[in-house]
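The sequence shown begins at 11 in the working numbering and counts up one residue at a time.
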Amino acid sequence: MIRLGSRSSTCRSFQVIALCTFVVFCACSNLAVAKTQLVANPNVQPQAQSQAVPLTKPATLPPGLYPVSQGFVHSPYNPTLSNNGWVNNIDGSELWPCFTPSADCPTIGDPPIPFSGGLVIGTPRFTVSLSACNGTTNGTQVPYTWDQGETWNAFAINDYYVPCGQINALYEDWTSDSTDDMLTSYVVRQGLRVIADSGVQDWGPNTFAGTGDLFTIITYQDFNFGALGQTGPNNGNCVPNYNYPAAAIPTSYPVIIADNRTCVDPVAGLATITVRNELATPTWTCKTTSSVTSCKVKYAVKYALEQTWNIYLH
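Next comes the structure, spelled out in structure tokens:
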């Protein structure tokens with residue numbers, strides 16, 4: 011997915027930062043859990059926005075994905091709000107990040123003036139509350155089963171999943187590649203222990219590329235960490251397959267391919283966040299057995315960017 015947000019320690023009051031920039035950003039992302047066959051939520055938002063800046067690519071810059079920034083930030087989730095801590099925009103998207111100009115964040119200042127050329131995000135954090143981030147004990151439904159654990163989906167997580175923050179990764183797309191699929195993954199580790207793994211999220215053909223234009227993109231997803239009372243591969247915050255294997259070559263997204271890792275609960279200390287964004291050519295192979303068709307995919311990666319940083323749970 012793609013977008014941005016924020017994180018706090020114990021309480022999640024509305025901590026927000028407005029960043030004024032000369033480029034505009036795009037968005038898309040959120041994480042999940044659960045085992046079992048998944049059913050697509052009819053309210054799924056594409057969670058991808060983008061505005062191009064008409065700049066010419068520097069002649070000496072090879073086509074590629076280039077890092078801008080990253081962080082673990084305060085989530086729009088706030089337990090004091092109605093709807094059990096979640097309030098979304100009219101279109102179903104989260105309150106932030108908010109890219110301007112936008113009807114969701116049209117003004118700034120006092121007196122208010124039109125807000126343009128900026129980005130609203132949550133407050134970035136390095137130190138984070140362990141108790142708030144332990145999804146097994148922080149109030150998340152355990153095991154998290156509503157709508158088969160679509161924690162990447164802003165509709166599905168309402169009322170059932172309690173995040174402690176939002177992972178954000180910003181980058182520039184100078185590829186002009188609008189045909190290959192956009193793949194995103196989030197993994198959080200403490201040493202060799204995995205406390206969250208989004209699987210590979212395939213969001214379909216890359217909409218964030220255009221000939222001669224700069225696209226600054228932000229991928230985001232709300233998270234807590236841990237097993238959520240489940241055991242075995244693809245448990246808790248280690249996401250299972252979603253819409254995969256497919257019954258036909260997909261025309262709607264996301265498709266999520268599990269990494270088959272086993273999540274454990276977080277402990278005090280450093281946690282390393284890795285976000286990987288790729289543009290890749292999918293090759294789907296479908297087989298029909300006893301009138302049941304199953305389609306699987308292999309990817310040939312053309313462009314890749316990995317962003318890694320630490321937070322401290324205490």
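Glycine is no exception: its CB is placed at the ideal position from the N, C-alpha and C atoms.
Since the structure is predicted, the reported quantities are computational estimates derived from the model, not experimental observations.
My understanding is that residue i touches residue j, with C-beta atoms under 8 Å, so please give their C-beta distance in whole angstroms.
i	j	result
residue 265	residue 247	With 8 Å as the limit, residue 265 and residue 247 do not qualify as a contact, their Cβ atoms being about 19 Å apart.
residue 71	residue 200	About 36 Å; that fails the 8 Å criterion.
residue 136	residue 174	Actually they are not in contact, since the Cβ atoms of residue 136 and residue 174 sit about 14 Å apart, beyond 8 Å.
residue 276	residue 143	6 Å
residue 179	residue 229	5 Å
Helix, strand or coil: how does DSSP classify residue i here?
i	result
residue 79	strand
residue 140	helix
residue 128	strand
residue 301	coil
residue 112	coil
residue 95	helix
residue 174	coil
residue 232	strand
residue 306	strand
residue 184	coil
residue 207	strand
residue 318	strand
residue 87	coil
residue 214	strand
residue 312	strand
residue 227	strand
residue 68	coil
residue 200	strand
residue 324	coil
residue 120	coil
residue 73	coil
residue 103	coil
residue 190	coil
residue 243	coil
residue 179	strand
residue 41	For residue 41, the predicted model reports a pLDDT of 37, less than 50, meaning its position is unreliable; a value from the coordinates is still stated below. DSSP places residue 41 in coil when its eight states are reduced to three.
Which residue's Cα is closest to the Cα of residue i: the options?
i	options	result
residue 313	260, 172, 106, 191	191
residue 321	197, 309, 244, 103	197
residue 288	185, 86, 194, 123	194
residue 318	132, 182, 80, 225	80
residue 150	256, 236, 261, 316	236
residue 78	181, 103, 90, 67	181
residue 283	115, 296, 207	207
residue 189	95, 205, 213, 170	213
residue 260	99, 215, 69	215
residue 304	285, 278, 126, 257	257
residue 145	117, 96, 274	274
residue 270	290, 85, 245	245
residue 111	130, 69, 99, 84	130
residue 95	82, 170, 106	170
residue 2	278, 301, 316	In the structure as shown, the chain begins at 11 and stops at 324. Residue 2 is therefore absent and cannot be evaluated.
residue 68	185, 250, 113	185
residue 134	240, 251, 286, 83	83
So, is residue i buried or exposed, given that buried needs 16 or more other C-beta atoms within 10 angstroms?
i	result
residue 101	exposed
residue 177	buried
residue 120	exposed
residue 122	exposed
residue 294	exposed
residue 298	exposed
residue 311	exposed
residue 76	exposed
residue 104	buried
residue 6	The shown model of the chain, from 11 to 324, leaves out residue 6, and the question about it has no answer.
residue 32	Legend: pLDDT at residue 32 = 35, less than 50; position of this residue unreliable, no value from coordinates given.
residue 324	exposed
residue 226	buried
residue 308	exposed
residue 86	buried
residue 128	buried
residue 139	buried
residue 124	exposed
residue 66	exposed
Practice item. Mind listing, in chain order, the continuous beta strand (DSSP E) runs of no fewer than 3 residues lying wholly within the stretch 245–295? Key: 265–267
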